[in-house]
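Letter by letter, the sequence shown follows residues 0 to 212 in numbering that gives the first Met the number 0.
A short worksheet on the structure shown next.
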Amino acid sequence: MNFIKNLKTGFIDENPVFALYLGICSTLAITTSLNNALGMGVSVIAVLVLSNVIISSLRKIIPDEIRIPVYIVIIAGLVTVVEMLIHAYSPSLYSALGSFINLIVVNCIIMGRAESFASKNNVVSSALDGIGMGLGYTVSLVVMSFIRQILSTGAIGLTNPFNESVIFNLQIIPEAFSISLFKTNVGAFLTFAILAAALAAYKNKSVSKGAKK
Numbered sequence: 000m001n002f003i004k005n006l007k008t009g010f011i012d013e014n015p016v017f018a019l020y021l022g023i024c025s026t027l028a029i030t031t032s033l034n035n036a037l038g039m040g041v042s043v044i045a046v047l048v049l050s051n052v053i054i055s056s057l058r059k060i061i062p063d064e065i066r067i068p069v070y071i072v073i074i075a076g077l078v079t080v081v082e083m084l085i086h087a088y089s090p091s092l093y094s095a096l097g098s099f100i101n102l103i104v105v106n107c108i109i110m111g112r113a114e115s116f117a118s119k120n121n122v123v124s125s126a127l128d129g130i131g132m133g134l135g136y137t138v139s140l141v142v143m144s145f146i147r148q149i150l151s152t153g154a155i156g157l158t159n160p161f162n163e164s165v166i167f168n169l170q171i172i173p174e175a176f177s178i179s180l181f182k183t184n185v186g187a188f189l190t191f192a193i194l195a196a197a198l199a200a201y202k203n204k205s206v207s208k209g210a211k212k
């Protein structure tokens, strides 16, 4: 599989959040800060890539009748390891993400790629698919959190998840002009809707250009 083509698929054509509308619950809930977005994104990338690799490696010996339970066991095991690592090395991130770490087990993106791709392709292609889709998901979270954090607080900042030291903190908009609505669920839905519509418009425009040629 072409790596660039795979990245384009994960970022645009089959973007998990804004094109396929998968993993929306966690996306809306945790995109209040860059720290949360990056923490969840990296966690999903790790689980997605490793689960794809393992399932692809075992695809010829997993009976079709029990493939879904087997996928769930594999993904649950990986999520447990990731959760323990986050709890041990970044307690603040663990507290912020809360139960959404455990919900990675039933994340539609991971289960979907296991069933539709990893179970039918070789290890290398499955790993690349996991990287592409995982990065697409992570960038979606980062873009949403970037917009919501600036509009709701007027500033954009990032802290070190291991020692909570400030990496950067920039005041973009005067605090008096911040819009607290974007901290809420309503703000999350508005941000998601605008970004999803923008991606859909871009894809439609690309299709129209291709048809004219």
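Glycine is no exception: its CB is placed at the ideal position from the N, C-alpha and C atoms.
Nothing here was measured: the structure is a model prediction, and the numbers come from that model.
Does the distance from the C-beta atom of Tyr136 to that of Val16 stay below 9 Å? yes
From this set, Ser118, Ile146, Thr26 and Ala36, which residue's C-alpha is nearest Thr158's C-alpha? Ala36
Taking the C-alpha atoms as reference points, what is the distance between Tyr88 and Pro160? 8 Å
Thinking C-alpha only, which one of Leu96, Gly76 and Ala75 is nearest Ile85? Leu96
Answer yes or no: the CB of Ile109 versus the heavy atoms of the ligand NAP, is any distance below 8 Å? Ligands in the displayed structure: none, and consequently the ligand NAP is not present.
Mapping the DSSP letters down to three states, classify Asn203 as helix, strand or coil. helix
For Asn184 and Leu27, believed in contact at Cβ under 8 Å, the rounded distance: 7 Å
Could you tell me which residues DSSP pairs with Thr190 in its beta bridges? Looking at the DSSP assignment, Thr190 forms no beta bridge with any residue, so it has no partner.
Between Arg58, Ile53 and Ser94, which lies nearest to Leu77 when the distance is taken from Cα to Cα? Ile53
Take Ser91 as the anchor and find which of Glu163, Ile172 and Thr31 has the nearest alpha-carbon. Glu163
State yes or no: is the C-beta of Val123 within less than 9 Å of the C-beta of Phe10? no
Do Lys119 and Ser151 come within 9 Å of each other at the CB atom, strictly closer than that value? no
Rounded to a whole number of angstroms, what is the C-alpha to C-alpha distance between Val69 and Met83? 21 Å
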